[in-house]
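In order, the protein sequences belong to chains G and L.
Under the numbering used here, the first sequence has 9 at position 9, and the numbering climbs by one with no breaks.
Under the numbering used here, the second sequence has 1250 at position 250, and the numbering climbs by one with no breaks.
Just so you know, even glycine gets a beta-carbon here, dropped at the ideal spot from N, CA and C.
Keep in mind the model is a prediction, meaning the values are calculated, not measured.
Notes follow once the structure below has been shown.
Number of protein chains: 2
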Amino acid sequence: MYNNITIKTLAKELNVSIATVSKALKDRHDIGVATKQRVVELAHKLNYIPNPYAGGLRKRKSKTIALVLPEVADSFFSLAINGIEATAQEKEYHVLIYLTHESFTKEQAILKDFQSGRVDGVLMSITSETSTHNHIQELYDSGMPIVFFDRVCESIDTAKITTDDFEGGYKATQHLIDCGCKKIALLSISTSLSISNKRMEGYKKALDDNHIKFSPSDIVQCSNDAEKSYNSIKKLLSHRSRPDGIIATVEKFTTNTYLACKELGLFIPGDVKVISFSNLPTAPILNPSLTTITQPAFEMGKAASTVLFKALNKSSFNLKQESIVIPSVLTVRGSTATQTK
Amino acid sequence: MYNNITIKTLAKELNVSIATVSKALKDRHDIGVATKQRVVELAHKLNYIPNPYAGGLRKRKSKTIALVLPEVADSFFSLAINGIEATAQEKEYHVLIYLTHESFTKEQAILKDFQSGRVDGVLMSITSETSTHNHIQELYDSGMPIVFFDRVCESIDTAKITTDDFEGGYKATQHLIDCGCKKIALLSISTSLSISNKRMEGYKKALDDNHIKFSPSDIVQCSNDAEKSYNSIKKLLSHRSRPDGIIATVEKFTTNTYLACKELGLFIPGDVKVISFSNLPTAPILNPSLTTITQPAFEMGKAASTVLFKALNKSSFNLKQESIVIPSVLTVRGSTATQTK
DNA sequence: TAGAGTTACGAAAACGGTTAAGTAAATAAA
DNA sequence: TTTATTTACTTAACCGTTTTCGTAACTCTA
Chain G
1 MYNNITIKTL AKELNVSIAT VSKALKDRHD IGVATKQRVV ELAHKLNYIP NPYAGGLRKR
61 KSKTIALVLP EVADSFFSLA INGIEATAQE KEYHVLIYLT HESFTKEQAI LKDFQSGRVD
121 GVLMSITSET STHNHIQELY DSGMPIVFFD RVCESIDTAK ITTDDFEGGY KATQHLIDCG
181 CKKIALLSIS TSLSISNKRM EGYKKALDDN HIKFSPSDIV QCSNDAEKSY NSIKKLLSHR
241 SRPDGIIATV EKFTTNTYLA CKELGLFIPG DVKVISFSNL PTAPILNPSL TTITQPAFEM
301 GKAASTVLFK ALNKSSFNLK QESIVIPSVL TVRGSTATQT K
Chain L
1001 MYNNITIKTL AKELNVSIAT VSKALKDRHD IGVATKQRVV ELAHKLNYIP NPYAGGLRKR
1061 KSKTIALVLP EVADSFFSLA INGIEATAQE KEYHVLIYLT HESFTKEQAI LKDFQSGRVD
1121 GVLMSITSET STHNHIQELY DSGMPIVFFD RVCESIDTAK ITTDDFEGGY KATQHLIDCG
1181 CKKIALLSIS TSLSISNKRM EGYKKALDDN HIKFSPSDIV QCSNDAEKSY NSIKKLLSHR
1241 SRPDGIIATV EKFTTNTYLA CKELGLFIPG DVKVISFSNL PTAPILNPSL TTITQPAFEM
1301 GKAASTVLFK ALNKSSFNLK QESIVIPSVL TVRGSTATQT K
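Right, dumping it as structure tokens:
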């Protein structure tokens, strides 16, 4: 429901022009102090609240950004939203949220709409399905500032806020090796996502550095579908030459890995050690507690939005040079303990 | 960055008036088929995308709703967002997200802004601090459709989507009693939240029905501050006459309860049984697995948004009669097992 | 005391659409 | 043939702001 009291109401009531009211409210120098006060007082008294879209139309900006996420039921994204929303509130921007649910076509449709002027900038983490980037490039070419975080699109030359995914993959793998694992499987979420590939590269490098032969069959492509993932993991663990170490590259594979082990009667960490890229607050109280590589999610959200707002404030700002890599941290817990308790 | 190609561009290019273009794009009857086709073709060719705010200004609606949440790092809200976003996308509405971080003043400021016409309706779950409701009432009185979900504001006569909180509290308590608990503590998040009070009422009723005397000291007011909560819980459990059963009325108290028990050397469920209102996907793999009362979060989000959109589509729709109570479900797991393993 | 500069305001265009009302031409009805 | 109706547009007002430009009235200056 639209507000009924506008700048016109004030103007009429005070016998001044709407221009005067507008300028008075903005405290412009060319309005007399007495008039300013009259305007401000009445505005307050009548609870006048300016229509943001009218002003935005004229000023050609919306003071709104879009946040495009694959999903929200993931601790990383939940925390990132916090960081983003916090800075947005501080900068007096508004945040439109869109979930792609890992669907490429949805992502396309959502981005297309942004060419309408609905938002001044976009913050996004791409879909695991996204392998072509024309839709993003097109938006970017139209002049829209875009900042990627976490799941970035490498081919687009703009700011990207990531964690050290290669190092994370390396660290995770090295840790499992240090714990005595000989055969390490990697649960991957996508073949196209750079985040996924980099973690895998780190994994491969660590294997190589430790003279462990990499076997393609140790990379398990898990689906977005929880049940399918569960089956893939169970299949992996049922195999004769099952792995003795598992790296879950995304948080959501954790529960399924644990459940599959339980079902198969495999003990973590005795039979198989598990490490997960995760921001789960329940990591310390899992059975067993979960060794994690955690990303500073809140900080990443904050960094991404901060960079974006900088770009929105001065057109001279060059997003291309603003990529940031934030280190992840390894927290060792029970799921990779070397002696079963 | 605003889109540069507008209805004017099309009009000029085709030598017709902007009205013709506008109507042609809307497939109005008073435009010739030939013209319509020319317009549509050019619009497509030039990738014309209408500015939503311009049209919205004229039509006096934004096709946007606000989603006001205390936080997002809670499985319930995460799942609810999914449900909400799904219906919004379906109805071609956009969703502005706002987090109050349990701050009453933030909630006030956020709602105040909505009187500007920024959104057509609001979906909200109030702060744990919110005890006066003038700010909400004022917005509602201005004609804004509001639908509450989960954390509702009782005193405002509009649609409320909740779970059966009283029954949930009762069920949780009865379950603990059935498991042999004699002294049950309730971790409460607020004294003003109806959700909190109802769960407590259910708890009291169950105690009463089982002839267990209620003691006010068994209600522990936990703070939003994680550390403070942790200390409160630890204090509770360190007490000479500590409880043998704990009901966490919100998910986020779970981790702290588990950690406090660990620190104090108390075994769950042997020394103390724990049940939590929670949507944690990791509930089954906690140590021990967690008995939960879970709310159908996704469905609640969906129900709330569906009701709101109905109200937005016809003004005759009466939100007051649309409250829905959806049953929660008790899932028994290890944390309330009667025999320690 | 004429000219220049300042102060305080208003008129009007603009942002990008929608829509009610008007109109010329073509067609149908009388 | 005249009138009524339909068809296919256009004009212009409007949504609620912002902002450029213009202009009276007043204050200085020389």
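- Here Gly202(G) has Asp165, Phe166, Glu167, Gly168, Gly169, Tyr170, Lys171, Ala172, Thr173 as same chain residues with Cβ atoms under 8 Å from its own Cβ, once five neighbours each way along the sequence are excluded.
- Nearest CB-CB separation between Arg118(G) and chain L: below the 9 Å threshold.
- Rounded to the nearest whole angstrom, the CA to CA distance from Ser1078(L) to Ser1223(L) is 21 Å.
- For Ser1078(L), the neighbours in chain G by C-beta distance under 7 Å run, in chain order, Val72, Ala73, Ser78.
- When DSSP states are grouped into helix, strand and coil, Tyr93(G) belongs to the coil group.
- Listed along chain G, no residue sits closer than 8 Å to Gly1301(L) by beta-carbon distance, the nearest being about 11 Å off.
- Listed in chain order, the non-local C-beta contacts of Gly1180(L) below 7 Å within the same chain comprise Thr1338, local neighbours out to five positions each way being set aside.
- Interface annotation for the region 184 to 217 of chain G against chain L: empty, criterion Cβ-Cβ distance under 7 Å.
- The alpha-carbon separation between Arg58(G) and Ile1005(L) amounts to approximately 16 Å.
- Residue environment for Leu1308(L): buried (at least 16 other C-beta atoms within 10 angstroms of its C-beta).
- A distance below 6 Å between beta-carbons, with the five flanking residues on each side excluded, links Ile247(G) to the following residues of its chain, in chain order: Ala172, Leu186, Ile275.
- Between the alpha carbons of His1094(L) and Lys1112(L) lies a gap of roughly 19 Å.
- Between the C-alpha atoms of Ser1196(L) and Thr1130(L) there is a straight-line separation of about 12 Å.
- Listed in chain order, the beta strand (DSSP E) elements of length 3 or more contained wholly in the region 248 to 323 of chain G are 273 to 277, 291 to 294.
- Annotated as distal: Thr9(G) and Leu67(G), with beta-carbon spacing of 9 Å or more.
- According to the DSSP assignment, Lys1160(L) belongs to the beta strand (DSSP E) that extends over 1160 to 1163.
- Within the region 116 to 145 of chain G, the runs of beta strand (DSSP E) at least 3 residues long that lie entirely inside it are, in chain order, 121 to 124.
- From the beta-carbon of Asn82(G), the residues of chain L found nearer than 9 Å are Glu1071, Val1072, Ala1073, Leu1099, His1101.
- Residues of the region 45 to 60 of chain G whose Cβ lies closer than 8 Å to any Cβ of chain L, in chain order: Asn47, Ile49, Pro50, Asn51, Pro52, Tyr53, Ala54, Gly56, Leu57, Arg60.
- Flagged as an interface residue toward chain G: Leu1280(L), by a C-beta distance shorter than 9 Å.
- Here Ser17(G) has Ala11 as same chain residues with Cβ atoms under 7 Å from its own Cβ, once five neighbours each way along the sequence are excluded.
- Within the region 242 to 255 of chain G, contact with chain L at the beta-carbon level (separation under 9 Å) is assigned to Lys252, Thr254, Thr255.
- Rounded to whole angstroms, the gap between the alpha carbons of Lys1026(L) and Gly1056(L) is 15 Å.
- Three or more beta-carbon pairs drawn from the region 1073 to 1088 of chain L and the region 1292 to 1308 of chain L are found closer than 8 Å, and the two stretches are therefore classed as touching.
- From the listed residues Val1119(L), Ala1054(L), Ile1136(L), Leu1069(L), the smallest Cα separation to Gly117(G) is found for Ala1054(L).
- Chain-order list of chain L residues neighbouring Ile285(G): Thr1255, Tyr1258, Leu1259, Leu1286, Asn1287, by C-beta distance under 7 Å.
- A direct Cα-to-Cα measurement between Asp225(G) and Thr1191(L) gives close to 40 Å.
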